[in-house]
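Enquirer: The structure is given below, and queries will be raised subsequently.
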Amino acid sequence: MYQVSARVAAGYQALFEALLDVLRAEGMVDAVEFEREPVLPDFWKRPDMLLSQTCGYPYLTQLREHVHLLATPAYDLVGCAGADYASAIVVRQGGGIATLADARGRVAAANDIDSNSGMNALRHAVAPFARDGRFFSGVTWSGSHRASLALVQSGVADLAAIDCVTLGYLRREQPASLEGIAILGYSAPSPGLPFVTGAAVPDALRQRLREALLAPAAALAALLPALSIGHFAPYTAHDYQRIGALQAEAHARGYPHLA
Numbered sequence: 001m002y003q004v005s006a007r008v009a010a011g012y013q014a015l016f017e018a019l020l021d022v023l024r025a026e027g028m029v030d031a032v033e034f035e036r037e038p039v040l041p042d043f044w045k046r047p048d049m050l051l052s053q054t055c056g057y058p059y060l061t062q063l064r065e066h067v068h069l070l071a072t073p074a075y076d077l078v079g080c081a082g083a084d085y086a087s088a089i090v091v092r093q094g095g096g097i098a099t100l101a102d103a104r105g106r107v108a109a110a111n112d113i114d115s116n117s118g119m120n121a122l123r124h125a126v127a128p129f130a131r132d133g134r135f136f137s138g139v140t141w142s143g144s145h146r147a148s149l150a151l152v153q154s155g156v157a158d159l160a161a162i163d164c165v166t167l168g169y170l171r172r173e174q175p176a177s178l179e180g181i182a183i184l185g186y187s188a189p190s191p192g193l194p195f196v197t198g199a200a201v202p203d204a205l206r207q208r209l210r211e212a213l214l215a216p217a218a219a220l221a222a223l224l225p226a227l228s229i230g231h232f233a234p235y236t237a238h239d240y241q242r243i244g245a246l247q248a249e250a251h252a253r254g255y256p257h258l259a
């Protein structure tokens with residue numbers, strides 16, 4: 001979910017390998033196939049999916065029957081608080097938007113209609129300013145947070161909501177990708193992106209993965225700082241209802257769609 005650079009991707013690969021080493025050492029798994037370019041959300045619905053990270057919005061709306069929660073990373077990055085995160089609402093410097101209300105009638109960029117950070121959090125943030133179910137003059141679906149940033153930088157879009165973890169990684173790994181970008185503020189917080197396992201993964205294996213994340217051994221714990229992960233939290237399905245609350249509040253204001 002956070003492959004913003006080769007170094008970050010390698011960090012997650014190492015983390016997943018360390019978790020597999022725990023399972024292999026205890027004779028719980030043998031061969032495991034890594035899916036390098038999964039088709040989402042189909043991959044998350046595979047009953048034999050051993051381990052993945054997903055977004056809280058599709059977990060709430062599509063995946064609860066298909067996956068089990070393991071643990072949620074708590075990132076040491078601006079905009080995160082424990083295992084909660086928020087979206088940075090970004091605009092182009094000098095673009096004439098000083099407050100969220102100033103963005104009325106402008107164009108938004110959003111990564112995906114099923115994204116909590118790019119769509120749901122932004123919908124919730126602008127809902128108080130919407131009139132007759134509209135706030136923006138248009139919404140461009142970009143396909144990724146990086147693409148949304150590029151659209152704002154180029155002037156094709158005026159505003160976007162960017163996952164603060166993505167933003168933190170880009171600030172560290174590729175600062176030039178944030179040139180010309182200003183942050184208006186942050187969205188309401190919600191639970192971060194959980195690690196999950198498929199519905200058919202045996203209970204004992206699932207429990208061991210969960211234990212390995214919540215109380216990591218030295219080899220695994222040593223990998224976390226490179227990913228800016230402080231620890232993992234035992235978030236439950238109840239915690240993720242807070243994402244649904246953001247959706248419900250926008251609906252209650254007559255703003256059911258990002259528009």
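Positions 1 to 259 (our numbering) are the ones given, in order, by the sequence shown.
Don't be surprised by glycine CBs; every beta carbon is placed ideally from N, CA and C.
1) Of the residues T72, C55 and L23, which one's Cα is nearest the Cα of L214?
2) Cβ of P47 within 8 Å of Cβ of A199?
3) Taking 7 Å as the cut-off, is the C-beta of P47 nearer than that to any heavy atom in the ligand ADP?
4) Just to confirm the assignment: which complete beta strand (DSSP E) runs, minimum length 3, are found wholly within the stretch 81–154?
5) From this set, L100, F135 and L167, which residue's C-alpha is nearest S148's C-alpha?
6) Does the stretch 226–241 come within contact of the stretch 92–105, defined as at least 3 CB pairs closer than 8 Å?
7) Report all residues from its chain with a CB closer than 7 Å to the CB of V139; omit the five preceding and five following residues, and keep chain order.
8) Taking the CB atoms as reference points, tell me whether G79 and D112 lie closer together than 8 Å.
9) Does G133 pass the burial test, meaning 16 or more other C-beta atoms within 10 Å, or should it be called exposed?
10) Can you tell me whether DSSP reads T197 as helix, strand or coil?
11) Please state whether the Cβ-Cβ distance between L209 and L19 is less than 8 Å.
12) Would you call D92 buried or exposed, if buried means 16 or more other Cβ atoms sit within 10 Å of its Cβ?
13) Take A182 and list the residues in its own chain whose beta-carbon comes closer than 6 Å to its own, dropping the five residues that flank it on each side.
14) Taking 7 Å as the limit between beta carbons, can you name the residues of its chain near A83, skipping five residues before and five after?
15) Does the beta-carbon distance from L15 to L223 come in below 8 Å?
16) Can you tell me the Cα-Cα spacing of L151 and A31, whole angstroms?
Expert: Judging by the given coordinates:
1) In the sequence shown, the residue the question calls residue 214 occupies position 214. The candidate whose alpha carbon is nearest that of L214 is T72.
2) As a working note, residue 47 is residue 47 in the sequence shown. As a working note, residue 199 is residue 199 in the sequence shown. It is a contact, given that the beta carbons lie within the stated cut-off.
3) Among the components of this structure there are no ligands whatsoever, and the ligand ADP is therefore not found.
4) 87–92, 107–110 and 138–141
5) If you number the sequence shown from 1, residue 148 lands on position 148. Cα-wise, what sits closest to S148 is L167.
6) no
7) By 1-based counting over the sequence shown, the position of residue 139 is 139. Hits under 7 Å: A108, A110, L258 and A259.
8) Position 79 of the sequence shown holds residue 79. Position 112 of the sequence shown holds residue 112. Contact flag unset, no.
9) In the sequence shown, the residue the question calls residue 133 occupies position 133. Exposed is the call here.
10) As a position in the sequence shown, residue 197 is number 197, starting the count at 1. Here T197 sits in strand by DSSP.
11) Against the sequence shown, residue 209 aligns to sequence position 209. Against the sequence shown, residue 19 aligns to sequence position 19. Yes, they are a contact pair.
12) Mapped onto the sequence shown, residue 92 falls at position 92. Here residue 92 turns out to be Arg, not Asp, going by the sequence shown. Classification of R92: buried, given that the 10 Å Cβ count is 16 or more.
13) Within the sequence shown, numbered from 1, the residue matching residue 182 stands at position 182. Hits under 6 Å: V91 and Q93.
14) Position 83 of the sequence shown, counted from the first residue, corresponds to residue 83. Once the five neighbours on either side are set aside, the close Cβ partners of A83 are T72, P73, A74, P191, G192, A233 and Y235.
15) For the purposes of this step, residue 15 is taken as the residue at position 15 of the sequence shown. For the purposes of this step, residue 223 is taken as the residue at position 223 of the sequence shown. Yes.
16) Mapped onto the sequence shown, residue 151 falls at position 151. Mapped onto the sequence shown, residue 31 falls at position 31. Those two C-alpha atoms are separated by around 42 Å.
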